[in-house]
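Enquirer:
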Amino acid sequence: MKRVDIIFGIIGLIISAYVFSMLDSFPEGQPGEVGADFFPYILAIGLGVSSLVLIVSSVFKKTSEDAEPFKFSDTGIQRVGIALASTVIYCLALDSLGFIVCTLVYLPLMMFLLKERKYFQMVLVSGAITATVFLIFSSFLNITLPLGTLYGY
Amino acid sequence: MDIELFIDALGEILQWKPLIMIFAGVAGGILIGSLPGLTATMGVALLVPFTFGLPFNESIGMLLGIFSGSVYGGSISAILINTPGTPAAAATLLDGYPLSQKGEAGRALSMSVFASFVGGFTGALIMTFLSPQISQFALEFSAAEYFGLATFGLSIIISVSGKSILKGIMVGFLGLLISTIGMDPVSGYPRFTFGSMNLFEGPAFIPTLIGLFAFAEVFKGVEQLTSTKQVVSKINSVFPSFADIKRTWKDMAKSSVLGTFIGSIPGAGSDIAAFVGYSEAKRRSKTPEKFGTGQIEGVAAAESANNACSGGAMIPMLSLGVPGDAVTAILLGAFVIQGIQPGPMLYKEDLDVVYSVFSAMLVANIAMLIVGFLGVRFFARAITVRKSILLPAIFIMSIVGAYSMRNNMFDVWLALGFGVLGYFLQRYRFPVSPILLALILGPMAEANLRRALIIADNSMIDVLSRPITATFLILGLATLVMSILRQRRSK
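Here the protein sequences come in this chain order: C and B.
With the working numbering applied, the first sequence has no gaps in its numbers, which climb one by one up to 314 at the end.
With the working numbering applied, the second sequence has no gaps in its numbers, which climb one by one up to 1468 at the end.
In structure tokens form, the structure reads like this:
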């Protein structure tokens, strides 16, 4: 029995059930006409059936190995969690603090998280990356990155 | 073929601005391709945002430069540190790494650049002459045939994408469901948009693929952080010797044609092409037992095959609008952003555009040869960049890339969301690329089926029984059944 596959199967079933529940609100077409709900309907059946097959086949599978168990105590998983959280905070702060400040703080912190300990290099590289990305996008590609509403931009 | 128009298009590409972009794209592509863990798909995904604001010729030049460069780049780390930069380079390391252990890294690297050029150029040439013929045939397709073609494309891609076909099918359905988000192609009714205006046109393509292929990859890198010190071999010469070229040209020629052919089959990627080319060279060799111990033929065959594959994969993408693999799917998306819809109509109405693509592809391969020779020492140093520096930089590139599409934070959140999804899917051995291909082929299948049904007065049987449509559908079904049977047998 593979626990992970069963979990994925259940998620698949939930998604297909959700799609079915939404289809009721779709506008009715002419009788016999194929409308906006037709494709999602077929796809939801497909996803549901393949999820069920995955669940059933994992229940009867003799092997018990889960690919790589997902444990919150694993330092790798913790790192991913911290990286994701920092990225979310970075994105939240981007509008008000602006690209330059956010990136100058974010990059060294991420490098530290990934066990970089050469501090001088860290600061230097962070500065270089921030400047390069900002210059390429704003002057070369004419894409304005957030400058920071906090400073009145 | 309209030679005059082709020469005009080539002249346009050979202006200094498109040329700079091609060289920049090639250099960027080689750099990302050579970094272990960064695949060609990810490279193209990360660099595509740089092409948005550019005029067509420059943008197309840069895109094709990135594409060609990234496939070659993988061989650098394969040869120098025994780690393929991209899956396509896995066959290159079989003989490439032993060569560099013998102190002949320079010989292997220069041969790999040369073979990549031969393969890439041959592939591009075959594409130039073959794809117009295919588009000619496809001009007779109506909506019903396109529905069949899209369905066939999906089935073949799902069936080769990973160890478990069931998981591939599941992810394929999920991707197709994601592709129905947004306004219905016929009635305009907004589906699954959760009331958000940002989803009216569906999840934006570039942020989605940055999420699936860049964010997901860096999350994986963050989890499996290893800090082994890499020893890079010394590079002696950067040009291949005449004797080596003479020794390998037959293998290169064969691999180039084989690679193009394999690339043109949707679903068969450059990694498969490289291994087929390699084993063909081994079979033909008088000393097959020496393969794996540092035979220059092995490097030449593998590299010319996987680069030829790029040209091959462009054939169905350009002439039918059906991408051959994940990278060409991204290219297709980027073309659409530039206002170009690949498919037979493109050949009929915008032949100059098609010729620009051909020219850019040919020039990109020449640029790859030049950048490869001149820059090999630089790229050899770049591959030792520590993950702790590289991954944060990719995070920033991904965020900015997702943002730059519409100057919109929503797209960044979308990319992050898809990144988390991709990370978990990958971690539990679900293939990710079916989602990307479903995003392209799903709307194609749905819109064409619905259009065909309107024409046929809602008679499903009339639509499905059209000869070409039925053939595609049966082929698709057969592909799935055959791969399920093959999987059972291998267990």
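For every residue, glycine included, the Cβ atom is placed at its ideal position computed from N, Cα and C.
Going along the chain, which residues of its own chain have a beta-carbon closer than 6 Å to the beta-carbon of SER1381 of chain B, five neighbours each way excluded?
Expert: PRO1026
Enquirer: What does PRO201 of chain C touch in chain B if you count any residue whose Cβ is under 8 Å from its own?
Expert: LEU1154, THR1157, ARG1168, PHE1169
Enquirer: Just verifying my parser: in three-state terms, what is the DSSP assignment at ARG278 of chain C?
Expert: coil
Enquirer: Under three-state DSSP, which class holds PRO995 of chain B?
Expert: helix
Enquirer: For the stretch 1351-1385 of chain B, enumerate the residues whose C-beta is nearer than 8 Å to any C-beta of chain C, in chain order.
Expert: Answer set for the stretch 1351-1385 of chain B: ARG1363, LYS1364, SER1365, ILE1366, LEU1368, PRO1369, ALA1370, PHE1372, ILE1373, MET1374, ILE1376, VAL1377, TYR1380, SER1381, ASN1384.
Enquirer: Mind pulling the chain C residues with CB within less than 9 Å of PHE1216 of chain B?
Expert: Within chain C, no residue comes near PHE1216 of chain B; the closest Cβ sits about 32 Å away, beyond 9 Å.
Enquirer: Tell me the DSSP secondary structure of ARG1260 of chain B in three-state form.
Expert: Residue state for ARG1260 of chain B is assigned as helix, using DSSP reduced to three classes.
Enquirer: Where does GLY1010 of chain B sit, in a helix, a strand or coil, going by DSSP?
Expert: helix
Enquirer: Would you mind giving the Cβ-Cβ distance between ALA1092 of chain B and SER1281 of chain B, rounded to the nearest angstrom? I have them listed as a contact below 8 Å.
Expert: 4 Å
Enquirer: Excluding sequence positions up to five away, which residues of its chain have a Cβ less than 7 Å from the Cβ of LEU1202 of chain B?
Expert: LYS1364
Enquirer: Can you give the beta carbon distance from PHE169 of chain C to TYR1400 of chain B, rounded, assuming they're within the 8 Å contact cut?
Expert: Your pair PHE169 of chain C and TYR1400 of chain B does not check out as a contact, with CB atoms roughly 14 Å apart and the cut at 8 Å.
Enquirer: For a contact defined as C-beta to C-beta under 8 Å, what are the partners of LEU208 of chain C on chain B?
Expert: MET1147, PHE1150, LEU1151, LEU1154
Enquirer: For GLY1453 of chain B, which residues of its own chain have a beta-carbon under 6 Å away from its beta-carbon, when the five flanking residues on both sides are left out?
Expert: THR1128, PHE1129, SER1132
Enquirer: In angstroms, rounded to a whole number, what distance separates the CA positions of ALA178 of chain C and SER1047 of chain B?
Expert: 41 Å
Enquirer: Determine which residues of the stretch 1387-1401 of chain B have a Cβ less than 9 Å from any Cβ of chain C, and write them out in chain order.
Expert: Answer in chain order: VAL1389, TRP1390, LEU1393, GLY1396, VAL1397, TYR1400, PHE1401.
Enquirer: Below 8 Å on the Cβ atoms is my contact criterion, and I expect GLY1289 of chain B with PHE1238 of chain B to pass it. Report the Cβ-Cβ distance as a whole number of Å.
Expert: 6 Å between Cβ atoms; contact.
Enquirer: Report yes if the CB atom of LEU268 of chain C is closer than 8 Å to the CB atom of THR248 of chain C, and no otherwise.
Expert: no
Enquirer: Measure the alpha-carbon distance for ILE1142 of chain B versus ASN1175 of chain B and round it to whole angstroms.
Expert: 33 Å
Enquirer: So is MET1229 of chain B buried or exposed if we call it buried at 16+ other beta carbons inside 10 Å?
Expert: buried
Enquirer: Can you give the Cα-Cα distance for ILE1347 of chain B and VAL1353 of chain B, rounded to whole angstroms?
Expert: Near 10 Å, if we compare the C-alpha coordinates of VAL1353 of chain B and ILE1347 of chain B.
Enquirer: Taking C-alpha atoms, which residue in C:SER218, C:LEU208, C:GLN282, C:VAL262 lies nearest to ALA1412 of chain B?
Expert: Note that residue 1412 of chain B corresponds to Ile in the displayed sequence, not to Ala. Measuring from the Cα of ILE1412 of chain B, the nearest candidate turns out to be C:LEU208.
Enquirer: State the DSSP-derived secondary structure class of ARG1168 of chain B, mapped to helix, strand or coil.
Expert: strand
Enquirer: Would you kindly check if the distance between the Cβ of VAL1340 of chain B and the Cβ of LEU982 of chain B is under 8 Å?
Expert: It is not a contact, given that the beta carbons lie outside the stated cut-off.
Enquirer: Which residue or residues does DSSP assign as beta-bridge partners of MET1160 of chain B?
Expert: B:PRO1167
Enquirer: Name the chain C residues that come within less than 8 Å of PHE1027 of chain B, Cβ to Cβ?
Expert: Annotation: Cβ neighbours of PHE1027 of chain B in chain C (cutoff 8 Å, chain order): ILE297, LEU302.
Enquirer: Among B:LEU1189, B:ILE1242, B:ILE1053, which has the Cα closest to the Cα of ILE1307 of chain B?
Expert: B:LEU1189
Enquirer: List the residues of chain C that GLU1423 of chain B touches, going by C-beta distances under 8 Å, in chain order.
Expert: By Cβ distance, chain C contributes PHE200.
Enquirer: Might you give, ordered along the chain, the residues of its own chain that have their beta carbon closer than 6 Å to the beta carbon of ASP1072 of chain B, omitting 5 neighbours on each side?
Expert: GLY1271, GLN1272, GLY1275, VAL1276
Enquirer: For the stretch 226-245 of chain C and the stretch 253-262 of chain C, state whether three or more C-beta atom pairs, one from each stretch, are separated by less than 8 Å.
Expert: no
Enquirer: Which of the three DSSP states is assigned to GLU1035 of chain B in this structure?
Expert: helix
Enquirer: From the beta carbon of PHE1190 of chain B, is the nearest beta carbon of chain C less than 8 Å away?
Expert: no
Enquirer: Tell me the residue span of the alpha helix (DSSP H) that contains PRO1472 of chain B.
Expert: It is not possible to answer for residue 1472 of chain B, since the shown part of chain B is limited to 978 through 1468.
Enquirer: With a threshold of 16 other CB atoms inside 10 Å of the CB of GLU1178 of chain B, please say whether the residue is buried or exposed.
Expert: Exposed.
Enquirer: Which residues of chain B have a Cβ atom closer than 9 Å to the Cβ of GLY288 of chain C, listed in chain order?
Expert: Correct list: empty, because the minimum Cβ distance to chain B is about 12 Å.
Enquirer: What is the DSSP secondary structure of LEU308 of chain C, counted as helix, strand or coil?
Expert: coil
Enquirer: With 8 Å as the threshold, decide whether the Cβ of LEU174 of chain C is near any Cβ in chain B.
Expert: So, not an interface residue.
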